[in-house]
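Okay, structure first, notes after.
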Amino acid sequence: MKFHYNPETDSLYISRVDQPSVDSQEVARGIVLDFDAEGHLVGLDIDRASQVVDLSKLEASSLPIASLSLVGQPAA
Numbered sequence: 183m184k185f186h187y188n189p190e191t192d193s194l195y196i197s198r199v200d201q202p203s204v205d206s207q208e209v210a211r212g213i214v215l216d217f218d219a220e221g222h223l224v225g226l227d228i229d230r231a232s233q234v235v236d237l238s239k240l241e242a243s244s245l246p247i248a249s250l251s252l253v254g255q256p257a258a
């Protein structure tokens, strides 16, 4: 699973798997689910993310994480 925040558009994309999206469905204002050709969820897009979720921290509890990568650092 990957989290990608775009500060220019203030959107957070949570990629569940590395599959192309062929269909999207807005389930709430600014919340879009992306699906692959078989109808499986591949990602979640959150518009106005800084207004909807707390982007200042990321917590994980009891996840069987085998690898953790932090890519890039925010500008100071």
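If you number the sequence shown the way the numbering used here does, the last residue is 258 and the count never jumps. Note that beta-carbon positions come from the ideal geometry of N, C-alpha and C, so glycine has one too.
With a cut-off of 8 Å on Cβ pairs, the segment 195-210 is in contact with the segment 218-225, counting three or more such pairs.
In this structure, L237 and Y187 form a Cβ contact; the two beta carbons are roughly 6 Å apart against a cut-off of 8 Å. Note on geometry: alpha-carbon atoms of T191 and G254 lie some 18 Å from one another. Cβ contact annotation for D229 (same chain, cutoff 6 Å, sequence separation greater than five): S193 and G212, in chain order. A check of alpha carbon separations from K184 across V209, E208, D227 and D218 identifies D227 as the nearest.
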